[in-house]
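For reference, the structure discussed in these notes is given below.
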Amino acid sequence: MPGRHAFLLNTAEIELWPGGLLRARGNSDARLLSRALTVLRRKRDGRYLAALLPEGMQSLMPGWMREPGVDAALDALDGLRTDRGFDADALGVLPLGRLIERLERLGLDDRYAESTGLALVAEPAALSFAGLDRYRRPLWLTAAAARAWLAMQRSARADGVALDAISGYRSHDYQLGIFERKLARGQDVQQILTVNAAPGYSEHHSGNALDIGTPDEPPAEESFETTPAFNWLASHGADFGFLMSYPRDNPHGIVYEPWHWYHTADAR
Ligand SMILES: [Zn+2]
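Numbering (the numbering used here), first residue to last: 2 to 269.
Here you go:
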């Protein structure tokens, strides 16, 4: 893919996707998206705003130039085009201000953090392409976690063990969207929290967390612990920097999640 980047650039309101990875919603979009170097996608609802083609920007939504956050997105795009030795992890994380405002509007204040011992997790400003997940969707992780995951998957395969990715990076908007839809259907915040993590508090926002599965096993089930894939991870995961975040009886009071692994550079 000459001229394309293998990064998801992340800004407060808009994501910049490399062309060729997004599904088209119509035939005219399909032609454009297949030729695009970069696609601007609104985080709040996934709407495609504009595409950068070899000959210039092409609108995918009338009035896209007036969208909130377009200036920041175009600045990020300029940075990508001018920086040849692009280092995704060096860009750091986005500020938390907008998330905190939205949580306050939902009625989720500091008491949630105090009662769970969890902290808000910032989104990275750039994520690396880490292959496709089980559902053939692009998997995004921090650059270090992406390298480690691909190496670990290869190593497992060499031992005859198949690992697949269920879910990696998830945005605040994704989790806020789940909450807002359930609130609109009449559930209250406390009810939703019994099933869904509060937006902003999931390790998946960091780009370092990965839900791992193995073919023919249901995703995110405790039965994963009885598979050869789990045994392999338990023996070798730490060699690649992956640790299980929520073992049995973890101090956060989170249910046992044998599928959920977190990449940390200094695991060993
Ligand atoms: Zn998880």
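From the three backbone atoms N, C-alpha and C, an ideal C-beta is built for every residue, glycine too.
### Task
Return the bridge partner residues of Tyr263 from the DSSP annotation.
Ala210 and Leu244
### Tyr49 - DSSP class collapsed to helix/strand/coil
strand
### Query
Whose C-alpha, out of Asp174, Glu115 and Asp189, is nearest the C-alpha of His206?
Asp174
### Task
Classify Val256 as helix, strand or coil using the three-state DSSP reduction.
coil
### Query
Fully enclosed by the region 11-59, which alpha helix (DSSP H) runs are 4 residues long or longer?
28-36, all fully within the region 11-59.
### Query
Between Ala230 and the rest of its own chain, which residues show a CB-CB distance below 6 Å, the 5 nearest in sequence each way excluded?
Correct list, in chain order: Val162, Leu164 and Thr215.
#### Entry: In chain order, each beta strand (DSSP E) run of at least 3 residues that lies wholly inside the region 129-207
Taken in chain order, the unbroken stretches of beta strand (DSSP E) that lie wholly in the region 129-207 and span 3 residues or more are 139-142 and 165-168.
### Message
Using a 10 Å radius around the Cβ and a threshold of 16 neighbouring Cβ atoms, would you call Leu133 buried or exposed?
### Response
exposed
### Task
Could you check the C-alpha separation between Ser246 and Trp262 for me, to the nearest Å?
6 Å
### Query
With distances taken from CA atoms, which of Asp110, Met58, Glu102 and Tyr136 is nearest Ile213?
Tyr136
### Other residues of its chain near Leu23: CB distance less than 8 Å, five sequence neighbours each side excluded
Leu34, Val40, Arg42 and Tyr49
### Quiz: which residues have CB nearer than 5 Å to ligand 1 non-hydrogen atoms
Around ligand 1, the residues selected by a Cβ distance under 5 Å to any of its heavy atoms are Asp212 and His261, following chain order.
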